[in-house]
Amino acid sequence: MNSFTVPMALADYIPVILFLLGTQIIAKDLKHRISSISWWLFTIGVVMVTATGALKATYKLLYALNIADVTWMTKQFFSNQAIGFLLAGIGLTIGVTSLKGKTFALIPTMALVGIMVIGLGAMDASLAFLASRLKKRSALVCFIVSFFLCLGMGYLSSKDFTQASMNWIAQGVNLAGQLLLYIGCRQLHDAGLADLK
């Protein structure tokens, strides 16, 4: 039996919002700087990751309030998030390097882990590259630490999430990772990412 609480469920929305806010900054700043295909891949990936996280948080909230146990809202999380990060990572990598131009449940779990790590790594590496170009070492550090915190989420996902303590630990790690992503994105924006030559 899961031990989700309302505060835990509400806390689960915070990293989702921070991820959306941070990536929205990047999408806005780069919209006219990278190819439309790159921008759309990044945006679609971001929307997938955001929607996936919001659905899982909503599942926890509905469950905690004893309204419903809509299991598809939590079961969709891993596969959809992996694909979303991959699309976002590919889109941002293609854009930053100036290159022009079935059922996910059938994908083995380890393949999904690899897809998610590759996508997340590509996204954070591209952001780190932009931070380096803009000479924003603090943003660079934010993206690197955020990446490793997100990798830590992969490790934590193998733990027993029926325990409230594991959920709170995962919430904290995820919150810290997404907060650093948001701070780094904000620093890139403030440093003039939209005008980067």
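Numbering (the numbering used here), first residue to last: 1 to 197.
Glycine included, C-beta positions come from ideal geometry on N, C-alpha and C.
By a C-beta neighbour count over all protein chains shown, 10 Å radius and 16 as the cutoff for buried, is Val70 buried or exposed?
With fewer than 16 other beta carbons inside 10 angstroms of its own, Val70 counts as exposed.
Three-state class that DSSP yields for Ser128 in the structure shown
First, the amino acid is wrong: residue 128 is Ala here, not Ser. Looking at Ala128 - three-state DSSP - the assignment turns out to be helix.
Distance, Pro15 Cα to Gly177 Cα:
Taking the straight line joining both Cα atoms gives about 8 angstroms.
Judging by CA-CA distance, which residue of Ser138, Arg137, Lys136, Phe148 is the nearest neighbour of Met123?
Out of Ser138, Arg137, Lys136, Phe148, Phe148 has the C-alpha closest to the C-alpha of Met123.
Simplified DSSP assignment, three categories, for Gly177
In the three-state reduction of the DSSP assignment, Gly177 falls in the helix class.
Coarse secondary structure for Gly101, derived from DSSP in three states:
Residue placement at Gly101 cannot be trusted, given a pLDDT of 41 that sits under 50; the coordinates are not used to answer.
Just to confirm the assignment, what range does the alpha helix (DSSP H) spanning Arg137 have?
Here the alpha helix (DSSP H) through Arg137 covers 137-156.
Determine the closest residue to Leu10 out of Ile34, Gly172, Leu87, with distance taken between C-alpha atoms.
Cα-wise, what sits closest to Leu10 is Gly172.
Starting from Gln76, follow the alpha helix (DSSP H) in both directions and report where the run begins and ends.
Per DSSP, Gln76 is not a residue of any alpha helix (DSSP H), being assigned neither H nor E.
Can you give me the Cβ contacts of Gly184 inside the same chain, cut-off strictly under 6 angstroms, excluding the 5 residues immediately before and after it?
Counting only Cβ-Cβ distances below 6 angstroms, and skipping sequence neighbours, we find Ala139, Cys142, Phe143.
What span of residues does the alpha helix (DSSP H) with Gln24 cover, start to end?
First-last of the alpha helix (DSSP H) with Gln24: 6-30.
Given a cut-off of 8 angstroms on the beta-carbon distance, is the pair Gly45 and Gly84 in contact?
Cβ distance < 8 angstroms, so Gly45 and Gly84 count as in contact.
Helix, strand or coil for Lys115? Go by DSSP, reduced to three states.
Residue identity check: residue 115 is Ile in the sequence provided, not Lys. Residue state for Ile115 is assigned as helix, using DSSP reduced to three classes.
Using CA atoms only, rank isn't needed, just tell me which of Ser38, Thr43, Phe78, His32 is closest to Thr52.
Ranking the options by Cα distance to Thr52, first place goes to Phe78.
Please go through the same chain and pick out, in chain order, the residues whose beta-carbon is closer than 7 angstroms to the beta-carbon of Leu62, but skip the five residues on each side of it.
Cβ neighbours of Leu62 beyond the five flanking positions: Ala68, Val70.
Do you know whose CA, among Ala27, Lys60, Asp29, lies nearest Met8's CA?
Out of Ala27, Lys60, Asp29, Lys60 has the C-alpha closest to the C-alpha of Met8.
Euclidean distance between Cα positions of Ala64 and Thr5
Rounded to whole angstroms, Ala64 to Thr5 spans 5 angstroms at the Cα level.
Can you tell me which of the three DSSP states Asn207 falls into?
Absent from the model: residue 207. The displayed extent of the chain is 1 to 197, so no value can be given.
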